Amino acid sequence: MIVRIMGEGQVALADNHLAELDELDDELLAEMERGDGPGFRATLHALLARVRELGTSLPDDSLEPSELILPSSDATLEEVRAMLRDDGLIPG
């Protein structure tokens, strides 16, 4: 799966990592619902860091179609809310 982190580039990520990322996504959703700004920020950073750790960065000139688009690390709660699907940022 190709994942784009807005403002950073693309990462190739094995599908078997989605369950772990979905746990962080669920936590992020709960923090957003509670309006927990500090918790939201920490979990967003943890989610993006984990994607970077588990994935392999693609070259900057690579333009693969992204199957998943994640917000930048400095995205606001409102910006992330606008990107959400029914099941969060991570499908599943």
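Counting from 1, position 23 in the sequence shown corresponds to residue 1067 in our numbering; the numbering is continuous, with no gaps. Yeah, the Cβ is synthetic: ideal placement off N, Cα and C, and Gly gets one too. The model shown is predicted, which means the values in this text are computed figures rather than measured ones.
Cα-Cα separation between residue i and residue j, rounded to whole angstroms
i, j, result
"aspartate 1118", "isoleucine 1134", "18 Å"
"glutamate 1123", "aspartate 1066", "19 Å"
"serine 1101", "glutamate 1071", "25 Å"
"leucine 1112", "leucine 1091", "13 Å"
"glycine 1051", "aspartate 1105", "14 Å"
"glutamine 1054", "arginine 1085", "21 Å"
Beta-carbon gap between residue i and residue j smaller than 9 Å
i, j, result
"arginine 1094", "leucine 1062", "no"
"leucine 1107", "glutamate 1064", "no"
"glycine 1081", "leucine 1114", "no"
"proline 1109", "isoleucine 1046", "yes"
Closest Cα partner of residue i within the set the options
i, options, result
"alanine 1058", "Ala1126, Gly1132, Arg1096, Gly1079", "Arg1096"
"histidine 1089", "Ile1049, Met1045, Gly1053", "Ile1049"
"leucine 1128", "Gly1053, Ala1074, Gly1083, Pro1109", "Ala1074"
"glycine 1132", "Glu1077, Ser1110, Ala1086, Val1055", "Glu1077"
"serine 1116", "Ala1056, Thr1087, Met1045", "Thr1087"
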